[in-house]
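Student: For reference, the structure I am asking about is given below.
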Amino acid sequence: MYYIGFDIGSSSVKAALVNATTGKSIASVNEPEEEMEIVSVHEEWAEQNPELWWKHVCTASKRILKECKVNSEEIIGIGISYQMHGLVLIDDKGSLIRDAIIWCDSRAVAIGNNAFETIGEEKCMSTLLNSPANFTASKLKWVRDNEPEEYKKIHKFLLPGDYIAYKFTGIANTTKSGLSEGTLWDFKEDKPAQWLLEHYDITPDLIPEIVSTFSDQGKLSPEGAEASGLVSGIPVLYRAGDQPNNALSLNVFNQGEVAATGGTSGVLYAVTDTLYAKEGLKLNNFAHVNHDTEQVRIGKLLCINGAGIQYRWLKKNLKLETDSYQMMNTYAAEIPVGSDNLQLIPFGNGAERMFDNKTIGTHISNLNLNIHTRSHILRAALEGIAFSFVYGMEILKKDGTPIKIIRAGNDNLFRSDIFSNTVATLIDQEIEIYNTTGAIGAARAAGLTNGSFKDFGTIVTQNDYVKTYSPLKNQEEYKVAYENWKKELKRIIKNDIE
1 MYYIGFDIGS SSVKAALVNA TTGKSIASVN EPEEEMEIVS VHEEWAEQNP
51 ELWWKHVCTA SKRILKECKV NSEEIIGIGI SYQMHGLVLI DDKGSLIRDA
101 IIWCDSRAVA IGNNAFETIG EEKCMSTLLN SPANFTASKL KWVRDNEPEE
151 YKKIHKFLLP GDYIAYKFTG IANTTKSGLS EGTLWDFKED KPAQWLLEHY
201 DITPDLIPEI VSTFSDQGKL SPEGAEASGL VSGIPVLYRA GDQPNNALSL
251 NVFNQGEVAA TGGTSGVLYA VTDTLYAKEG LKLNNFAHVN HDTEQVRIGK
301 LLCINGAGIQ YRWLKKNLKL ETDSYQMMNT YAAEIPVGSD NLQLIPFGNG
351 AERMFDNKTI GTHISNLNLN IHTRSHILRA ALEGIAFSFV YGMEILKKDG
401 TPIKIIRAGN DNLFRSDIFS NTVATLIDQE IEIYNTTGAI GAARAAGLTN
451 GSFKDFGTIV TQNDYVKTYS PLKNQEEYKV AYENWKKELK RIIKNDIE
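Every letter in the sequence shown is one number past the one before it in the UniProt record's numbering, and letter 278, counting from 1, is 278.
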């Protein structure tokens, strides 16, 4: 028997099959071959048709069953991971009212900022653990203010994963974790933040039924089964946003555990057991997948926009003999720690929230034309990105979050020994590397209805563990390089303010 998992991204849909007994990954597929279109009719807008997600879910489902020669009757549960912060609107017949406003749409920034100023920092941080900012609640307010005819048609608002579950089952529901990612959960009262909706003049009746993250959330309807190639009656057993789900995939459930991603952007997702949110304007706080009132588990999400995109830019523009990151890492390894005082500040991919949404840009500092080479630039780039991760972890520590272990997927920046060793050494903690994906994690999580997270962690370790980076003994040279980098960063920020 098998579980099937889906990861609904803005560029593609991934599907994975896992053995229901052992948790072993059987296969994964991606749909479509080319990235899905994001519609941007105005600057800073980003929308997608949710039916496009559903179409590719169905294609991926049928394809993986066919390629693996698995009978659909052997599937005993479904798990769903999805792009966070989106807004999907359906009417009383379950039909879409408009395209989804997705995570990277920033039209509602001013709405959220005004709400934060009016309601006050103390109430927002002690109840929502966030500013309303540009999250789902503020996007819904935008629709109310700017598209009143569409707003009148709304029966329920959904997150992207809620909509896919709805297409499978015909039942509109959501989760506590999902509502929290839209700043729609009051952690102090442990219920939906109706007062925020009332502030936005939105009726709380639009909130769908709330179900547990790990539960029977509805069974496949005949229509959902026919479209997906699955069998009617299969239960949807798990649903979570992509970042909490990535943490789950890496066995990150408890205080001090951190899930890290080193792709185009960097992500640190740390779990804590308190409702403390001192640095709530620099990072986001959500109910983690295993959060409840008796056992608080909050996921603290810190994004670093200028991460792997800098290394990719160098790969494209340095015109190396071999167009590969492995060759770049080989060149970088020729240079000592600290890159002979050459520093790269890697924030050239837009505003950074951990710097109060300042646009700092990428900077090459202390370039000496007599001694520095292409290899120096490559090492300084890796170190600069690693330093930005360490800087982010210092913010997490200020927010009362201890760092005990980092777990990351075996891809992108974490394949670089220089990057991983630098981070591990400076935070003085191990980094464990795993071969897994969000779709695999979602599939495995479908079998987690008994709440045995320890057993789940054993499955992850037995199936996915690759290696561990331990802190190096010669920490001093890394500390000196990091302090020099921080001095340069502070100088740039100070000059920008002046």
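Here a beta-carbon is modelled for each residue, glycine too, at the ideal position from N, C-alpha and C. Only a predicted model underlies this, so the values are computations on that prediction, with no experimental measurement involved.
Would you mind giving the Cβ-Cβ distance between Ile80 and Ala165, rounded to the nearest angstrom? I have them listed as a contact below 8 Å.
Tutor: For the purposes of this step, residue 80 is taken as residue 80 along the sequence shown, with counting starting at 1. For the purposes of this step, residue 165 is taken as residue 165 along the sequence shown, with counting starting at 1. Correct: roughly 6 Å between the Cβ atoms.
Student: For Phe347, report the span of its beta strand (DSSP E) as first-last.
Tutor: What you label residue 347 is simply residue 347 of the sequence shown in a count that begins at 1. That run of the beta strand (DSSP E) goes Gln343 to Phe347.
Student: Counting Cβ pairs, one atom from each stretch, are 3 or more of them under 8 Å apart for the stretch 236 to 243 and the stretch 169 to 189?
Tutor: Between the stretch 236 to 243 and the stretch 169 to 189, the count of Cβ pairs shorter than 8 Å is three or higher; the stretches touch.
Student: How many Å lie between Leu396 and Pro402 at the Cα?
Tutor: Working through the sequence shown from its first residue, we reach residue 396 at position 396. Working through the sequence shown from its first residue, we reach residue 402 at position 402. Rounded to whole angstroms, Leu396 to Pro402 spans 8 Å at the Cα level.
Student: To test your reading of the DSSP string, which unbroken beta strand (DSSP E) runs of 3 or more residues are found completely within the stretch 217 to 284?
Tutor: 236 to 241, 257 to 262 and 266 to 272
Student: Pop quiz: Gly299 and Gly224 are said to be a contact at Cβ under 8 Å. What is the actual Cβ separation, rounded to whole angstroms?
Tutor: Taking the first residue of the sequence shown as position 1, residue 299 is located at position 299. Taking the first residue of the sequence shown as position 1, residue 224 is located at position 224. The C-beta distance from Gly299 to Gly224 rounds to 29 Å, too long to fall under 8 Å, and the pair is not in contact.
Student: Three-state secondary structure (DSSP) at Ser25?
Tutor: Stepping through the sequence shown from its first residue, residue 25 is reached at position 25. Ser25 falls in the strand class under three-state DSSP.
Student: I need the DSSP call for Phe6, collapsed to helix, strand or coil.
Tutor: Along the sequence shown, one-based indexing puts residue 6 at 6. Phe6 falls in the strand class under three-state DSSP.
Student: Comparing C-alpha positions only, which one of Thr437, Asn474 and Glu477 sits nearest to Asn463?
Tutor: Position 463 of the sequence shown, counted from the start, is the residue given in the question as residue 463. Comparing Cα-Cα distances from Asn463 to each of Thr437, Asn474 and Glu477, the minimum goes to Thr437.
Student: Could you check if Asp411 belongs to the surroundings of the ligand NAD, using beta carbon to heavy atom distance under 7 Å?
Tutor: Ligands displayed in this structure: none; no statement on the ligand NAD is therefore possible.
Student: Would Asp91 pass as a contact of Ile97 if the rule is Cβ separation under 8 Å?
Tutor: The sequence position of residue 91 within the sequence shown is 91, counting from 1. The sequence position of residue 97 within the sequence shown is 97, counting from 1. It is a contact, given that the beta carbons lie within the stated cut-off.
Student: Spatial neighbours of Phe116 within its chain, please: C-beta separation below 8 Å, excluding the five flanking residues on both sides.
Tutor: The residue labelled residue 116 in the question sits at position 116 within the sequence shown. Beyond the five residues adjoining it in sequence on each side, Phe116 comes within less than 8 Å, by CB distance, of Cys124, Ser131, Pro132 and Ala133 in the same chain, given in chain order.
Student: Is Val423 near Val390, with beta carbons less than 8 Å apart?
Tutor: Here residue 423 refers to the residue found at position 423 when the sequence shown is read from its first residue. Here residue 390 refers to the residue found at position 390 when the sequence shown is read from its first residue. The answer is yes: Cβ separation under 8 Å.
Student: Taking 8 Å as the threshold (beta carbon to beta carbon), is Val13 in contact with chain D?
Tutor: The displayed structure is made up of one protein chain only, and chain D is not part of it.
Student: Compare the Cα-Cα distances from Asp205 to each of Leu197, Asn290 and Glu257 and report the closest residue.
Tutor: Working through the sequence shown from its first residue, we reach residue 205 at position 205. That would be Leu197, whose Cα lies nearest to the Cα of Asp205.
Student: Among the candidates Leu344, Phe214 and Ala442, whose CA atom is the shortest distance from the CA of Leu378?
Tutor: Counting from 1 along the sequence shown, the entry for residue 378 is found at position 378. Ranking Leu344, Phe214 and Ala442 by Cα distance to Leu378 puts Leu344 first.
Student: Nearest by alpha-carbon distance to Ser212: which of Leu230, Val236, Leu220 and Ser232 is it?
Tutor: On the sequence shown, residue 212 is found 212 positions in, with the first residue counted as 1. Taking Ser212 as reference, the option from Leu230, Val236, Leu220 and Ser232 with the minimal CA-CA separation is Val236.
Student: Mind listing, in chain order, the continuous alpha helix (DSSP H) runs of no fewer than 4 residues lying wholly within the stretch 366 to 434?
Tutor: 374 to 398 and 417 to 427
Student: How long is the line joining the alpha carbons of Cys68 and Gly120, rounded to whole angstroms?
Tutor: Sequence index remark: in the sequence shown, residue 68 carries index 68 (1-based). Sequence index remark: in the sequence shown, residue 120 carries index 120 (1-based). Rounded to whole angstroms, Cys68 and Gly120 show a C-alpha spacing of 54 Å.
Student: Thinking just about the alpha-carbon of each residue, which of Lys167, Gly266 and Asp190 is nearest to the one in Ser221?
Tutor: Along the sequence shown, one-based indexing puts residue 221 at 221. Considering only alpha carbons, the answer is Lys167.
Student: Is the beta carbon of Pro471 closer than 8 Å to that of Asp428?
Tutor: Taking the sequence shown and counting its residues from 1, the one referred to as residue 428 is at position 428. Taking the sequence shown and counting its residues from 1, the one referred to as residue 471 is at position 471. Result yes, Cβ atoms of Asp428 and Pro471 sit closer than 8 Å.
Student: Determine the extent of the alpha helix (DSSP H) in which Leu196 is found, giving its start and end residues.
Tutor: As a first step, residue 196 is located in the sequence shown; it is residue number 196 there, counting from the start. Its alpha helix (DSSP H) spans residues Gln194 to His199.
Student: Considering Cα atoms alone, identify which of Asn484, Thr461, Phe347 and Asp323 is closest to Asn366.
Tutor: Locating residue 366 in the sequence shown gives position 366, where the first residue counts as 1. When only C-alpha atoms are compared, the closest one is Asn484.
Student: Out of Glu44, Ala307 and Glu51, which has the shortest C-alpha to C-alpha gap to Gly266?
Tutor: Residue numbering aside, residue 266 sits at position 266 when the sequence shown is read from its first letter. Measuring from the Cα of Gly266, the nearest candidate turns out to be Ala307.
Student: Are at least three pairs of beta-carbons, each pair with one atom in the stretch 347 to 356 and one in the stretch 323 to 330, less than 8 Å apart?
Tutor: Using a Cβ-Cβ distance cut-off of 8 Å, the stretch 347 to 356 and the stretch 323 to 330 are not in contact, since fewer than three pairs of beta carbons, one from each stretch, lie closer than that value.
Student: So, at 6 Å on beta carbons, what are the nonlocal neighbours of Asp399 in its own chain, with the 5 sequence-adjacent residues on each side left out?
Tutor: As a first step, residue 399 must be located in the sequence shown, where it is residue number 399. Excluding residues up to 5 positions away in sequence, Lys278 and Glu279 lie with their Cβ nearer than 6 Å to the Cβ of Asp399 in the same chain.
Student: For the candidate residues Ile385, Leu448 and Arg444, whose alpha-carbon lies nearest to that of Asn19?
Tutor: Within the sequence shown, the letter at position 19 stands for residue 19. Asn19 has its Cα closest to that of Arg444, out of Ile385, Leu448 and Arg444.
Student: Alpha carbons only, please: which of Pro208, Lys14 and Gly451 is nearest the one belonging to Leu159?
Tutor: Indexing the sequence shown from 1 puts residue 159 at position 159. Nearest of Pro208, Lys14 and Gly451 to Leu159, Cα basis: Pro208.
Student: Below 8 Å between beta carbons: does that hold for Ile102 and Met1?
Tutor: Mapped onto the sequence shown, residue 102 falls at position 102. Mapped onto the sequence shown, residue 1 falls at position 1. No; because the gap between Cβ atoms is not below 8 Å, this pair is not in contact.
Student: Is the CB-CB distance between Leu87 and Thr136 below 8 Å?
Tutor: Residue numbering aside, residue 87 sits at position 87 when the sequence shown is read from its first letter. Residue numbering aside, residue 136 sits at position 136 when the sequence shown is read from its first letter. Yes. Within cutoff.
Student: State the start and end residues of the unbroken beta strand (DSSP E) segment that holds Lys156.
Tutor: Working through the sequence shown from its first residue, we reach residue 156 at position 156. Run containing Lys156: Lys156 to Leu158, per the beta strand (DSSP E) assignment.
Student: Would you give the residue range spanned by the beta strand (DSSP E) that Cys303 belongs to?
Tutor: On the sequence shown, position 303 is the one that residue 303 refers to. Looking at the DSSP string, the run of the beta strand (DSSP E) that includes Cys303 is Ile298 to Ile304.
Student: Which of the three DSSP states, helix, strand or coil, is assigned to Ala442?
Tutor: Within the sequence shown, residue 442 is the residue found at index 442, counting from 1. Helix, per DSSP.
Student: Can you give me the C-alpha to C-alpha distance between Gly11 and Ile371, rounded to a whole angstrom?
Tutor: On the sequence shown, position 11 is the one that residue 11 refers to. On the sequence shown, position 371 is the one that residue 371 refers to. The amino acid at residue 11 is misidentified as Gly; the sequence shows Ser. When rounded, the distance between both Cα atoms is 42 Å.
Student: Which partner residues of Val13 appear in the DSSP bridge assignment?
Tutor: What you label residue 13 is simply residue 13 of the sequence shown in a count that begins at 1. DSSP lists Ile8 and Glu31 as partners of Val13.
Student: Report the three-state DSSP secondary structure of Ser72 (helix, strand or coil).
Tutor: By 1-based counting over the sequence shown, the position of residue 72 is 72. In the structure shown, Ser72 sits in a helix (DSSP, three-state: H, G or I).
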